[in-house]
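Engineer: Sending over a structure as structure tokens; questions will come in a sec.
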Amino acid sequence: MGEGSDDEAAPRVGTHLASMMTLSEVGIDFDRANAARIYDFFLGGAHNFASDRAQAAKIVAANPDMPRVCRLNRDYLGRVVRWCLAQGVDQFLDLGSGVPTVGNVHEIALRQRPGARVAYVDFEPVAVHHARQITAELDGVSVTQGDLRQPEVVLNDPGVAGHLDFDRPVAVLAVAVLHFIDDDLPAIFRRYRDALCPGSVLALNHGSADHDDPVLAESVRATERGYRGSATPVVLRDRAQIRALLDGFELVPPGLVDPVDWPVPNPDADPIGAYAAVGRVPDRE
Ligand SMILES: C[S@@+](CC[C@H](N)C(=O)[O-])C[C@H]1O[C@@H](n2cnc3c(N)ncnc32)[C@H](O)[C@@H]1O
Numbered sequence: 020m021g022e023g024s025d026d027e028a029a030p031r032v033g034t035h036l037a038s039m040m041t042l043s044e045v046g047i048d049f050d051r052a053n054a055a056r057i058y059d060f061f062l063g064g065a066h067n068f069a070s071d072r073a074q075a076a077k078i079v080a081a082n083p084d085m086p087r088v089c090r091l092n093r094d095y096l097g098r099v100v101r102w103c104l105a106q107g108v109d110q111f112l113d114l115g116s117g118v119p120t121v122g123n124v125h126e127i128a129l130r131q132r133p134g135a136r137v138a139y140v141d142f143e144p145v146a147v148h149h150a151r152q153i154t155a156e157l158d159g160v161s162v163t164q165g166d167l168r169q170p171e172v173v174l175n176d177p178g179v180a181g182h183l184d185f186d187r188p189v190a191v192l193a194v195a196v197l198h199f200i201d202d203d204l205p206a207i208f209r210r211y212r213d214a215l216c217p218g219s220v221l222a223l224n225h226g227s228a229d230h231d232d233p234v235l236a237e238s239v240r241a242t243e244r245g246y247r248g249s250a251t252p253v254v255l256r257d258r259a260q261i262r263a264l265l266d267g268f269e270l271v272p273p274g275l276v277d278p279v280d281w282p283v284p285n286p287d288a289d290p291i292g293a294y295a296a297v298g299r300v301p302d303r304e
């Protein structure tokens, strides 16, 4: 859709949205880097602007490992989706879904289970616009512009409430998003959990500097410094704080581990410095 070129003062959005709209008219802030577009840049996408690339350069200067971290994060997301499908969970509420790239949740889900349902939610206009563009013809996919910090609003949005059947298991995905949120996450996730029936799952990962390995811990602190000044600064939490987000869920083995080691240890990949886990809503007694 041409966002990669920000040399023009007001580049045009792809024709699907509205042929005469410009990116600034759909609320895009060109001047302030954000997590969605920086991540897109690290994954090799074209939906980012000069401000994002400048911030990415700052992040890589602080932590040269960041492109690998992003790729391995994305791999974790794919493994989680396949694991859910193998458990018979074929509805996904993807919070902080990001700019679509390769291996998107709906692609994995619809390929393996043609009747699968995916509700994408993100608050970033480029991510939302591009997701709408590539999924417009797909019955099983909805895209909602929303802020996951407002669970009531998200859960009642027609793109979520009208798209997913909460009487059947739903997988809530919160992957590489929670460390951008400086808020009462346990309270927010209690509300999401209360909307889920038994057999539903919450899958998350979250950056943390709480590691025995001082080099790994410092690389995560460096990443946090690299994001300073962006629209989405990083908030690091320790292992116990991340574990608390899964209160009320049964932790699926292997529990809370580095994303590269979920669901089985990966001796070929160094840890990326986050904690990942999948929790299951227990059966009612
Ligand atoms: C690093 S990307 C991760 C994308 C995807 N979940 C993945 O793992 O590949 C983080 C995404 O979370 C989104 N995000 C951050 N805070 C959010 C919020 N409060 N509500 C909704 N989305 C949010 C950003 O816009 C961005 O698209």
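Going by my numbering, the final residue of the sequence shown carries number 304, and the count climbs one at a time with no gaps. Just so you know, even glycine gets a beta-carbon here, dropped at the ideal spot from N, CA and C. Note that this is a predicted model, so its numbers are computed, not measured.
#1: Does the beta carbon of G117 fall short of 8 Å from some heavy atom of ligand 1?
#2: By Cβ distance below 7 Å, which residues in the same chain neighbour S70 in space, the five residues on each side in sequence not counted?
#3: Is it buried or exposed, R303, if we count other Cβ atoms within 10 angstroms and call 16 or more buried?
#4: Can you give me the Cβ contacts of V162 inside the same chain, cut-off strictly under 7 Å, excluding the 5 residues immediately before and after it?
#5: I need the straight-line Cα distance from P217 to L112, nearest angstrom please.
#6: Since I believe L91 is in contact with A214 (beta carbons under 8 Å), could you give me their beta-carbon distance rounded to a whole number of angstroms?
#7: Beta carbon of L114, beta carbon of C89: below 9 Å?
#8: Tell me, please, whether the region 238-256 touches the region 275-287 by the rule of three or more beta-carbon pairs shorter than 8 Å.
#9: For A54, verify whether its CB is less than 8 Å away from any heavy atom of ligand 3.
#10: What's the gap between the Cα of A105 and the Cα of G97?
#11: Considering Cα atoms alone, identify which of T120, V118, R262 and V108 is closest to G134.
#12: Label N175 either buried or exposed according to how many other C-beta atoms from any shown protein chain fall within 10 Å of its C-beta, with 16 as the threshold for buried.
#13: Going by the CB atoms, is the gap between P284 and V276 shorter than 9 Å?
#14: Any heavy atom of ligand 1 closer than 8 Å to the CB of L215?
#15: Output the distance between the C-alpha atoms of V234 and R299, rounded to the nearest integer angstrom.
#16: Going by Cα to Cα distance, which pick from D201, L221 and F199 is closest to R209?
#17: How should G122 be labelled, buried or exposed, when 16 other C-beta atoms within 10 angstroms of its C-beta is the threshold for buried?
#18: So does G63 have its beta carbon nearer than 8 Å to some heavy atom of ligand 1?
#19: Comparing C-alpha positions only, which one of I47, A180, L197 and L204 sits nearest to R189?
#20: Taking 8 Å as the cut-off, is the beta-carbon of T154 closer than that to any non-hydrogen atom of ligand 1?
#21: How would you write the range of the alpha helix (DSSP H) that T242 sits in, first residue to last?
#22: List the residues that DSSP assigns as beta-bridge partners of F111.
#23: Report the rounded CA-to-CA distance for V297 versus Q74, giving the unit in angstroms.
#24: Report the rounded CA-to-CA distance for H66 versus P83, giving the unit in angstroms.
Structural biologist: Inspection of the coordinates gives the following:
#1: For this step, residue 117 is matched to residue 98 along the sequence shown. At least one heavy atom of ligand 1 is nearer than 8 Å to the Cβ of G117, so yes.
#2: On the sequence shown, residue 70 is found 51 positions in, with the first residue counted as 1. Taken in chain order, the residues that qualify are F49, D50, R51 and A52.
#3: In the sequence shown, residue 303 corresponds to position 284, counting from 1. Exposed: under 16 other Cβ atoms inside 10 Å.
#4: Within the sequence shown, numbered from 1, the residue matching residue 162 stands at position 143. Cβ within range, chain order: Y139, V147, A150, R151, T154 and G178.
#5: As a working note, residue 217 is residue 198 in the sequence shown. As a working note, residue 112 is residue 93 in the sequence shown. The alpha-carbon atoms of P217 and L112 are separated by roughly 16 Å.
#6: Position 195 of the sequence shown, counted from the start, is the residue given in the question as residue 214. Position 72 of the sequence shown, counted from the start, is the residue given in the question as residue 91. At roughly 30 Å, the Cβ-Cβ gap does not stay under 8 Å, so A214 and L91 are not in contact.
#7: Along the sequence shown, one-based indexing puts residue 114 at 95. Along the sequence shown, one-based indexing puts residue 89 at 70. Going by C-beta atoms, L114 is not nearer than 9 Å to C89.
#8: no
#9: This structure lacks ligand 3; its bound ligands are ligand 1.
#10: In the sequence shown, residue 105 corresponds to position 86, counting from 1. In the sequence shown, residue 97 corresponds to position 78, counting from 1. Taking the straight line joining both Cα atoms gives about 12 Å.
#11: Position 115 of the sequence shown, counted from the start, is the residue given in the question as residue 134. Considering only alpha carbons, the answer is V108.
#12: The residue given as residue 175 occupies position 156 in the sequence shown. With fewer than 16 other Cβ atoms within 10 Å, it is exposed.
#13: Mapped onto the sequence shown, residue 276 falls at position 257. Mapped onto the sequence shown, residue 284 falls at position 265. Cβ atoms of V276 and P284: closer than 9 Å.
#14: Position 196 of the sequence shown, counted from the start, is the residue given in the question as residue 215. No; taking the cut-off as 8 Å, the Cβ of L215 has no heavy atom of ligand 1 nearer than that.
#15: Locating residue 234 in the sequence shown gives position 215, counting from the first residue. Locating residue 299 in the sequence shown gives position 280, counting from the first residue. Roughly 33 Å separates the two Cα atoms.
#16: On the sequence shown, residue 209 is found 190 positions in, with the first residue counted as 1. Nearest option by C-alpha distance: L221.
#17: Counted from its first residue, the sequence shown places residue 122 at position 103. The residue is exposed, with fewer than 16 neighbouring Cβ atoms inside 10 Å.
#18: Residue 63 sits at position 44 when you count from the first residue of the sequence shown. For ligand 1, not one heavy atom lies less than 8 Å from the Cβ of G63.
#19: Taking the first residue of the sequence shown as 1, we reach residue 189 at position 170. For the record, residue 189 in the displayed sequence is Val; it is not Arg. Per the Cα distances, A180.
#20: To locate residue 154, count along the sequence shown from 1; it is residue 135. It does not: the Cβ of T154 is nowhere closer than 8 Å to a heavy atom of ligand 1.
#21: Working through the sequence shown from its first residue, we reach residue 242 at position 223. Start and end: P233 to Y246.
#22: Taking the sequence shown and counting its residues from 1, the one referred to as residue 111 is at position 92. Paired residues: V137 and A190.
#23: On the sequence shown, position 278 is the one that residue 297 refers to. On the sequence shown, position 55 is the one that residue 74 refers to. For V297 and Q74, the distance between alpha carbons rounds to 31 Å.
#24: Taking the first residue of the sequence shown as 1, we reach residue 66 at position 47. Taking the first residue of the sequence shown as 1, we reach residue 83 at position 64. Distance between the alpha carbons of H66 and P83 is about 21 Å.
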